[in-house]
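Numbering (our numbering), first residue to last: -3 to 98.
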């Protein structure tokens, strides 16, 4: 099953932000099967860098920064082989720049 994950934050009459991803429901390995029921989690399917020029890094906690960097690592690791196969050096350079750790 696929669904959209759309976290957002809005400050009334000032601003708002929403980041939307497509996620897949997958089986989670959590060390127990909950009496045969198992557990589920989400795997992000959307592979697009988040525009970090719009992020005030000083407002992020270490955990938030690590989460963003981990997501960008996954995006880069997933898309790099495809771009190399296509010999698309321009897009590969863009991807490396846009997924650089913050």
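We treat Cβ as the ideally placed atom computed from N, Cα and C, and that holds for glycine.
Its Cα nearest to that of residue 18, the residue 0 stands out among 72, 7, 0. Of the candidates 49, 23, 44, the residue whose Cα lies closest to the Cα of residue 37 is 23. Residue 95 is not a Cβ neighbour of residue 63, given a cutoff of 8 angstroms. Taking the CA atoms as reference points, residue 34 sits about 43 angstroms from residue 10.
If you check the CB distance, residue 98 and residue 53 come in under 8 angstroms.
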